[in-house]
Amino acid sequence: MMSGDAEMTGTPLRALLYALFEISKEVEVDDVLLHLMENCPNYLPNKQLLAKMADYLAEKREGLKGTKTFNPEQEASSARVLAEAIRNQRLCNNLFVSEVVVQFSAITADHPHLSRHNNSF
12 MMSGDAEMTG TPLRALLYAL FEISKEVEVD DVLLHLMENC PNYLPNKQLL AKMADYLAEK
72 REGLKGTKTF NPEQEASSAR VLAEAIRNQR LCNNLFVSEV VVQFSAITAD HPHLSRHNNS
132 F
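Numbering-wise (our numbering), the sequence shown opens with residue 12 and increments by one.
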């Protein structure tokens with residue numbers, strides 16, 4: 012994921028840029044949001060700010076002329092997709108549903124006797 016000791020490491024902007032990179036590489040949106048939650052300090056209080064930052068990046072990229080290595084329309088599209096995904100992400104009892112699913116998957120992987128058909132827990 013994200014690492015390093017640069018001044019930008021651990022900031023919401025760095026987390027957002029990494030999420031945009033993942034969107035551009037066609038990583039599943041649910042996975043991108045999960046990574047964004049892991050990489051962004053205090054994700055919940057920063058959620059609205061992250062969506063606005065993605066909107067800003069989309070707006071600034073629209074209409075720029077592309078080159079062989081620079082595709083501003085793709086960047087704008089990725090930013091719009093991410094902004095909407097952040098806004099539409101729903102909470103479940105103050106936990107993100109996707110986070111709960113990942114945690115449950117990890118538990119069942121470590122404990123195969125726990126399955127969907129076993130209601131004894």
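C-beta atoms are modelled at their ideal positions from N, C-alpha and C, and glycine is treated no differently.
DSSP places Val-38 outside any alpha helix (DSSP H), giving it a letter other than H or E. Sequence-distant Cβ neighbours of Ala-26 in its own chain, meaning closer than 6 angstroms and more than five residues away, are Leu-47, Asn-50 and Cys-51. With a beta-carbon spacing of about 5 angstroms, Arg-72 and Glu-86 fall inside the 8 angstroms limit used to define contacts. Val-38 sits exposed, since fewer than 16 C-beta atoms from the chains shown fall within 10 Å of its C-beta. The beta carbon of Tyr-67 is closer than 6 angstroms to none in its chain, skipping five residues each way along the sequence.
In the three-state scheme derived from DSSP, where H, G and I count as helix and E and B as strand, Gln-100 is classed as coil. For the region 35-84, the continuous alpha helix (DSSP H) assignments of 4+ residues that do not extend past its boundaries occur at 40-50 and 54-72, in sequence order.
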